[in-house]
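Peer 1: Residue numbers (my numbering): 800 to 1153.
Cβ atoms here follow ideal geometry from the backbone N, Cα and C, with glycine treated the same way.
One structure, pasted below without further comment.
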Amino acid sequence: MKQRIRYARSADGTAIGWASLGEGLPLVKTSNCPTHLEYDLQSPVWSHWVNFFADHFQFVRYDERGCGLSDREVEDLTFDRWVEDLEAVIDAAGIEGPVNLLGVSKGAATAIAYAARYPDRVSRIIIYGGYAQGWGARGDPRGAKLAKSIAELVALGWEMENPVFRELVTRRYIPGGSEEQVDWYNDLCLRTMTAEMAGRLLESRADVDVCHLLSRVAVPVLVIHPNRDEVIPFKEGRMLASELPNAEFVELETNNHIVLKHEGAWVRFKEAVLDFMERSPMTSRGHAHGLGGLSRRENEILSLICEAKSNPEIAAVLSLSERTVRNHASNLFRKLGVRSRTEAILYLHSTMRR
800 MKQRIRYARS ADGTAIGWAS LGEGLPLVKT SNCPTHLEYD LQSPVWSHWV
850 NFFADHFQFV RYDERGCGLS DREVEDLTFD RWVEDLEAVI DAAGIEGPVN
900 LLGVSKGAAT AIAYAARYPD RVSRIIIYGG YAQGWGARGD PRGAKLAKSI
950 AELVALGWEM ENPVFRELVT RRYIPGGSEE QVDWYNDLCL RTMTAEMAGR
1000 LLESRADVDV CHLLSRVAVP VLVIHPNRDE VIPFKEGRML ASELPNAEFV
1050 ELETNNHIVL KHEGAWVRFK EAVLDFMERS PMTSRGHAHG LGGLSRRENE
1100 ILSLICEAKS NPEIAAVLSL SERTVRNHAS NLFRKLGVRS RTEAILYLHS
1150 TMRR
């Protein structure tokens, strides 16, 4: 798959690098770091994530401000800027209707804040290894001291030829990684940000606190968390699932903060994501978008569904792949608030009788 890297201009003027891969239901990954839009495609740590999501969705991702292909020299790393960056990317991607969000690690808090601020713009949220409170807001003095010490050491030694200071991050994120994966992640750290920015970005997580917003997120949320995560404590994931009104929880058997391709936990992760995304988010909004919210292609597919044509038959008529037809069908089902072909047909007929 080929990607096009483009730029969105955030509210304060910061250029945010973003890219889109795949077709079908849009899924936007909120930023975390370290990432690099180009380098991650070949990475033995991140490439299986990108490929999996791009195989099933229109997968939109972006590099965090100060990191990767986004502007690296930035002053403002406050939480509100993170939410504005997400908003800028969604607008630049031209996504129609409510968006699905993927929040990894710090990106979980960004997704929660966006959903609370714009409840009608979000359909579903997947949270992986996430938290509502940063390391300085959890009431854990020992954990806060450790995180602050790591941030200070990283700022001092990040760019040294010896990777020992970068490995303070790497060995916690992928303690079960192979030497190849560890080397790649060490190199990713060096490619994505300066020593000063690495320290500042780690420090910026300290005071994150979206606990007061959790009750306002009404959309379905899937919370997945490694049970031996060495970066974000397992209890943080459980807390999210218990406080979000419409959440379900999946525990992964791994000590890696970034689940790796060779793990059984990766299989479980994929199964949980696909099961969650294939279900219609039957929220209280019901048929809020109606037929007017469907794209031209979705209307074409709905018409053919009403003619009792199968996905392979629709694909042949419209010269599309079956996967693309399936993704468009899932998207139109979501917009109409239905769960099946039969419900879609009944909804169309009821609309025509009005």
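By how many angstroms is the C-alpha of residue 1098 removed from the C-alpha of residue 991?
Peer 2: On the sequence shown, residue 991 is found 192 positions in, with the first residue counted as 1. On the sequence shown, residue 1098 is found 299 positions in, with the first residue counted as 1. In a straight line, the C-alpha of residue 991 is about 42 Å away from that of residue 1098.
Peer 1: Taking Cβ to Cβ, would you say residue 876 is nearer than 8 Å to residue 977?
Peer 2: Position 77 of the sequence shown holds residue 876. Position 178 of the sequence shown holds residue 977. Against a cut-off of 8 Å, the Cβ pair of residue 977 and residue 876 comes out as no contact.
Peer 1: For the region 994 to 1008 against the region 1016 to 1029, do three or more pairs of beta-carbon atoms, one drawn from each stretch, fall closer than 8 Å, so that the two count as touching?
Peer 2: With a cut-off of 8 Å, the region 1016 to 1029 and the region 994 to 1008 do not count as touching, because too few Cβ pairs lie within range.
Peer 1: Could you have a look at residue 944 and say whether DSSP puts it in helix, strand or coil?
Peer 2: Position 145 of the sequence shown, counted from the first residue, corresponds to residue 944. Helix.
Peer 1: Can you tell me whether residue 843 sits near the ligand NAD, meaning its C-beta is under 7 Å from at least one heavy atom of the ligand?
Peer 2: Absent from the structure shown: the ligand NAD. Ligands present: none.
Peer 1: Could you pull the DSSP bridge partners for residue 858 from this structure?
Peer 2: Your numbering for residue 858 matches position 59 in the sequence shown. Residue 858 pairs with 820, 826.
Peer 1: How far does the beta strand (DSSP E) with residue 902 in it extend, from its first residue to its last?
Peer 2: By one-based count along the sequence shown, residue 902 stands at place 103. Start and end: 898 to 903.
Peer 1: Considering only C-alpha positions, which residue in the set 1017, 1055, 1057, 1066 is nearest to residue 1044?
Peer 2: By one-based count along the sequence shown, residue 1044 stands at place 245. Residue 1017 is the option with its Cα nearest to residue 1044.
Peer 1: Where does residue 977 sit, in a helix, a strand or coil, going by DSSP?
Peer 2: Walking along the sequence shown from the start, residue 977 turns up at place 178. Here residue 977 sits in coil by DSSP.
Peer 1: Would you please state the rounded distance, in angstroms, between the beta carbons of residue 883 and residue 830? I believe it to be under 8 Å.
Peer 2: Sequence index remark: in the sequence shown, residue 883 carries index 84 (1-based). Sequence index remark: in the sequence shown, residue 830 carries index 31 (1-based). The Cβ separation is near 12 Å, so there is no contact.
Peer 1: State the beta-bridge partners of residue 932 as determined by DSSP.
Peer 2: If you number the sequence shown from 1, residue 932 lands on position 133. Residue 932 pairs with 1008.
Peer 1: Tell me whether the beta-carbon of residue 823 lies closer than 8 Å to the beta-carbon of residue 1123.
Peer 2: Reading the sequence shown from its first residue, position 24 is the one you call residue 823. Reading the sequence shown from its first residue, position 324 is the one you call residue 1123. Yes, these two residues count as a Cβ contact at 8 Å.
Peer 1: Hey, could you find the ends of the alpha helix (DSSP H) residue 772 is sitting in?
Peer 2: The first residue shown for the chain is 800 and the last is 1153, placing residue 772 beyond what the model contains.
Peer 1: By the three-class DSSP mapping on this structure, what secondary structure does residue 1125 have?
Peer 2: Against the sequence shown, residue 1125 aligns to sequence position 326. If DSSP states are grouped into helix, strand and coil, residue 1125 belongs with the helices.
Peer 1: Return yes when the Cβ of residue 913 is within less than 8 Å of the Cβ of residue 900, no when it is not.
Peer 2: Against the sequence shown, residue 900 aligns to sequence position 101. Against the sequence shown, residue 913 aligns to sequence position 114. Yes, they are a contact pair.
Peer 1: Residue 1021 and residue 1071: beta carbons closer than 8 Å?
Peer 2: Locating residue 1021 in the sequence shown gives position 222, where the first residue counts as 1. Locating residue 1071 in the sequence shown gives position 272, where the first residue counts as 1. Cβ atoms of residue 1021 and residue 1071: closer than 8 Å.
Peer 1: Okay, do the region 885 to 901 and the region 978 to 998 touch, 3+ Cβ pairs below 8 Å being the bar?
Peer 2: Flag = no, the region 885 to 901 and the region 978 to 998 do not touch.
Peer 1: Classify residue 1126: buried if its beta carbon has 16 or more other beta carbons within 10 angstroms, exposed otherwise.
Peer 2: Against the sequence shown, residue 1126 aligns to sequence position 327. When all chains shown are included, residue 1126 counts as buried.
Peer 1: Please name the residue in 864, 859, 1117, 1035 whose C-alpha comes closest to that of residue 812.
Peer 2: The sequence position of residue 812 within the sequence shown is 13, counting from 1. Answer by Cα proximity: 864.
Peer 1: Along the chain, where does the alpha helix (DSSP H) that runs through residue 1068 open and close?
Peer 2: Here residue 1068 refers to the residue found at position 269 of the sequence shown. Residue 1068 -> alpha helix (DSSP H) spans 1063 to 1077.
Peer 1: Under a three-way DSSP split, which group does residue 847 fall into?
Peer 2: Here the question's residue 847 lines up with position 48 in the sequence shown. Correct three-state label for residue 847: helix.
Peer 1: To the nearest angstrom, how far is the alpha carbon of residue 1139 from that of residue 874?
Peer 2: Indexing the sequence shown from 1 puts residue 1139 at position 340. Indexing the sequence shown from 1 puts residue 874 at position 75. Distance between the alpha carbons of residue 1139 and residue 874: 49 Å.
Peer 1: Could you say which of 1118, 905, 1101 lies nearest to residue 1145 if we only look at CA atoms?
Peer 2: The residue you call residue 1145 lines up with position 346 of the sequence shown. The residue with the shortest Cα to Cα distance from residue 1145 is 1101.
Peer 1: Considering only C-alpha positions, which residue in the set 971, 956, 970 is nearest to residue 964?
Peer 2: Stepping through the sequence shown from its first residue, residue 964 is reached at position 165. The candidate whose alpha carbon is nearest that of residue 964 is 956.
Peer 1: Below 8 Å on the Cβ atoms is my contact criterion, and I expect residue 962 with residue 1055 to pass it. Report the Cβ-Cβ distance as a whole number of Å.
Peer 2: Taking the sequence shown and counting its residues from 1, one reaches residue 962 at position 163. Taking the sequence shown and counting its residues from 1, one reaches residue 1055 at position 256. Not a contact, Cβ separation roughly 18 Å.
Peer 1: Which value, in whole angstroms, describes the spacing of the CA atoms of residue 818 and residue 925?
Peer 2: Counting from one through the sequence shown, the residue named residue 818 turns up at place 19. Counting from one through the sequence shown, the residue named residue 925 turns up at place 126. The alpha-carbon atoms of residue 818 and residue 925 are separated by roughly 19 Å.
Peer 1: Taking the straight line between their C-alpha atoms, what separation do you get for residue 1051 and residue 1067?
Peer 2: If you number the sequence shown from 1, residue 1051 lands on position 252. If you number the sequence shown from 1, residue 1067 lands on position 268. If you take the alpha carbons of residue 1051 and residue 1067, they lie about 7 Å apart.
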